[in-house]
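Chains as they are written, first to last, in my numbering: chain A, 1 to 115; chain B, 1 to 108.
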């Protein structure tokens with residue numbers, strides 16, 4: 001099973017709302033990633049978790065708060081977002097996080113609109 | 001940092017035609033991936049190819065690491081091949097650096 005799942009598929013929220021994005025994989029991967037993709041741009045890395053510990057934060061604003069409750073799950077908690085945060089949020093996983101890299105597998109994404 | 005350049009930026013094909021998409025990278029490649037992003041946003045893994053040649057049906061890819069480029073070949077294109085094709089190189093700490101993508105439109 002090479003599937004990464006994400007919920008919800010679409011999310012519309014106001015600037016004062018709190019919401020969460022969820023990601024799940026059952027491939028036994030120990031590295032999980034959040035990416036943000038704006039229209040007509042490539043994905044940009046936000047966070048990397050390795051063995052359930054935050055390894056990389058690409059200077060993401062604190063209104064985005066990641067969480068890795070176990071090796072299969074990755075959440076992204078959203079609070080006080082701005083309209084410019086509207087984007088496609090992609091989750092990915094790989095066997096491990098190591099120099100040289102393992103193949104990353106992506107979920108279908110959550111399309112977020114902030115009003 | 002690593003730079004990944006893709007060409008051409010846009011490509012329009014008639015169904016049944018063949019095409020070659022190119023990816024140049026600025027540093028020694030650790031691992032290189034090709035993805036197809038469909039109109040719904042899903043990034044589909046096509047190839048994981050740090051060097052050599054691989055084939056999967058109508059698609060094949062070749063990476064020449066010593067010359068820092070990779071090519072994706074699409075033969076007998078179909079309308080379902082439309083979308084954006086990204087190559088991405090893995091550098092330190094598993095960070096994927098994506099190219100800007102190639103937008104392919106296959107017309108019936």
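Think of the CB as a built atom: it goes at the ideal place given N, C-alpha and C, for glycine as much as any other residue. In this text, all values refer to a predicted model and were calculated from it rather than measured experimentally.
Counting along the chain, no beta strand (DSSP E) covers residue 17 (chain B), and no H or E run does either.
Just measuring C-alpha positions, the residue of B:29, B:95, B:48 sitting nearest residue 69 (chain B) is B:29. Secondary structure at residue 94 (chain B): helix, using DSSP grouped into helix, strand and coil.
Across the structure, residue 9 (chain A) and residue 19 (chain A) are spaced so that their CA atoms are roughly 13 Å apart. One finds nothing in chain B with a Cβ atom closer than 9 Å to the Cβ of residue 30 (chain A); even the nearest lies about 11 Å away. Check the Cα spacing between residue 103 (chain B) and each of B:52, B:1, B:2, B:8: the tightest is with B:8. When DSSP states are grouped into helix, strand and coil, residue 43 (chain A) belongs to the coil group. At least one CB of chain B lies nearer than 7 Å to the CB of residue 103 (chain A). The stretch 96 to 109 of chain A makes no contact with the stretch 74 to 83 of chain B, as fewer than three CB pairs between them are under 8 Å.
Residue 18 (chain B) is classed as exposed because its beta carbon has fewer than 16 other beta carbons within 10 Å across all chains shown.
Taking CB atoms only, residue 88 (chain A) has a neighbour in chain B less than 7 Å away. In the three-state DSSP reduction, residue 16 (chain A) falls in the coil class, being neither helix nor strand. Take the alpha-carbon of residue 66 (chain A) and the one of residue 35 (chain A): they are about 12 Å apart. Selection A:52, A:53, A:60 evaluated against residue 45 (chain A) yields A:60 as nearest (Cα-Cα). Counting along the chain, the unbroken beta strand (DSSP E) around residue 73 (chain B) starts and ends at 69 to 74. Apart from the 5 residues on each side of it in sequence, residue 71 (chain A) sits with its Cβ closer than 7 Å to the Cβ of 30, 52 in its chain, given in chain order.
At a cut-off of 7 Å between C-beta atoms, residue 106 (chain A) counts as an interface residue with respect to chain B.
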